[in-house]
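Trainee: Numbering (my numbering), first residue to last: 770 to 1107.
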Amino acid sequence: MSERYSRQERFAPIGREGQDQLSQKHVLIVGAGALGGANAEMLARAGVGKITIIDRDYIEWSNLGRQQLYTEEDAVSLRTKASAAEQRLRAINSDIEVYGMAQEFEEETAETLVEGVDFLIDGTDNFQTRFVINDVAAKLNVPWVYGGCLKSYGIVLPIFPGKTPCLHCLIDHLPQEGGTCDTVGIIGPAVQMTAAYQTAECLKFLTGHAMSKEMIYVDVWGREYSSINVSKLIDKECSSCSSKAVYPYLKKVKGLRTAMLCGRNTVQVRPSQLSILSLSELSRHLKPLTERVKGNGDLLMFHVEDVRFVVFKDGRTLIHGTEDVQEAKKLYQRYIGA
Ligand SMILES: [Zn+2]
770 MSERYSRQER FAPIGREGQD QLSQKHVLIV GAGALGGANA EMLARAGVGK ITIIDRDYIE
830 WSNLGRQQLY TEEDAVSLRT KASAAEQRLR AINSDIEVYG MAQEFEEETA ETLVEGVDFL
890 IDGTDNFQTR FVINDVAAKL NVPWVYGGCL KSYGIVLPIF PGKTPCLHCL IDHLPQEGGT
950 CDTVGIIGPA VQMTAAYQTA ECLKFLTGHA MSKEMIYVDV WGREYSSINV SKLIDKECSS
1010 CSSKAVYPYL KKVKGLRTAM LCGRNTVQVR PSQLSILSLS ELSRHLKPLT ERVKGNGDLL
1070 MFHVEDVRFV VFKDGRTLIH GTEDVQEAKK LYQRYIGA
């Protein structure tokens, strides 16, 4: 028995056999924010053989309050979450494979990314991406666990395509609340608790145990817990998981694409074709237009009046300072290109 996993192996439902199973598995975590980071750290320490973590964003000071993989140095040097997460997770466990990917999880690449993956973890903060996860998981028959947290509460739901209702089946049953982490806030304990329930379901599945059939709601501040068995809510006509599935969220979109970012007064614009952009060339092109250009090998940041642009190597650009999608598209075309 390797000392490293000895305590986990003594836990009877996992045991030595479960530990061996974990070392053979590949988990894909979508989102390397608070939830994704907490899940990733637990899974790395638990000895899951291969972890891929995908995130479209970079590290800002407002992340440090709860995003446990990151340091002040990461925020100062504008690191992408994917790159900093990969480095940190490798330092935590050098026995496993870890890959951080600085990109969006979207319909164009989702299937390729999920091919061969044993389990998916939702560490996102938006339903747009969750529905892409939901469709690709259904199409490739990969189980996953939904996680959402806000203020002091969290909601967790394991989804096993064909056996449980999917997110699309349940869309009218999910608790809806206006607000995001950026408007109504969140506390670290709510993240840790939500991630703990997600990781536990992942470990159960990977070691051959049945996942829970319940959607749970837990509030760490108000000390509330409730659960609801959703297994009867499978929609036989569901366009994502039934025999009539057409996977609506995997349909390709043409032209410049935009996404609003979780209440941050930010629009993401991405070109119709992702391709590697020369950031140094862009930087030279921008110099006559604005003096405030800085960056690293992964991204470029510049300001034009009150608007802050963050351009990633694949051409995706975060435009901070507007919620107007049309204006964001125009700004993208003016400064980055068509
Ligand atoms: Zn469904």
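Where a beta carbon is used, it is the ideal one built from N, C-alpha and C, also for glycine.
(1) Taking 7 Å as the cut-off, does the CB of Asp-1128 come closer than this to any heavy atom belonging to ligand 1?
(2) Within the stretch 832–881, note down every full beta strand (DSSP E) run reaching 3 residues or more, in order along the chain.
(3) With distances taken Cα to Cα, identify the nearest neighbour of Ala-755 among Pro-934, Glu-970, Val-925, Asp-941.
(4) Between Asn-1065 and Asp-988, what straight-line distance do the alpha-carbon atoms span, to the nearest angstrom?
(5) How about the stretch 1024–1037 and the stretch 1079–1091: do they share at least three Cβ pairs that are nearer than 8 Å?
(6) Pull up the DSSP beta-bridge partners for Trp-990, would you.
(7) Just mark Ile-997 as buried or exposed, buried being the case when its beta carbon has 16 or more other beta carbons within 10 Å.
(8) Rounded to whole angstroms, what's the CA-CA distance from Gln-1095 to Tyr-1104? Just pull it up for me.
(9) In angstroms, rounded to a whole number, what distance separates the CA positions of Thr-1027 and Val-867?
(10) Val-817 and Leu-791 look like a contact to me (Cβ under 8 Å); what is the Cβ gap, rounded to whole Å?
(11) In whole angstroms, what is the alpha-carbon distance linking Met-1029 and Val-1076?
(12) For a quick check, are the C-beta atoms of Leu-833 and Glu-841 less than 8 Å apart?
(13) Helix or strand or just coil, what does DSSP make of Gly-917?
(14) Going by beta-carbon coordinates alone, are Leu-936 and Phe-974 separated by less than 8 Å?
(15) Would you check if the distance between the CB atom of Ile-928 and the CB atom of Val-799 is smaller than 8 Å?
(16) Could you give the C-beta distance for Leu-1068 and Thr-849, rounded to a whole number, given that I count them as a contact under 8 Å?
(17) In terms of alpha-carbon separation, which member of Ser-863, Glu-880, Gln-777, Arg-773 lies closest to Leu-797?
(18) According to DSSP, is Phe-900 part of a helix, a strand, or is it coil?
(19) Please indicate yes or no: does the CB of Ser-1000 lie closer than 7 Å to some heavy atom of ligand 1?
(20) Buried or exposed: which applies to Met-770, given that a residue is buried once 16 or more other Cβ atoms fall within 10 Å of its Cβ?
Mentor: From the atom records:
(1) Limits of the chain in this structure are 770 at one end and 1107 at the other, which puts residue 1128 out of reach.
(2) 866–871
(3) A query on residue 755 cannot be resolved here, the shown segment of the chain reaching from 770 to 1107 and no further.
(4) 40 Å
(5) yes
(6) Per DSSP, none; premise fails for Trp-990.
(7) exposed
(8) 14 Å
(9) 29 Å
(10) 5 Å
(11) 15 Å
(12) yes
(13) strand
(14) no
(15) no
(16) 7 Å
(17) Glu-880
(18) helix
(19) no
(20) Low local confidence applies: a pLDDT of 47 at Met-770 is under 50, so the model's placement there is unreliable, with the coordinate-based value given in what follows. Burial call: exposed.
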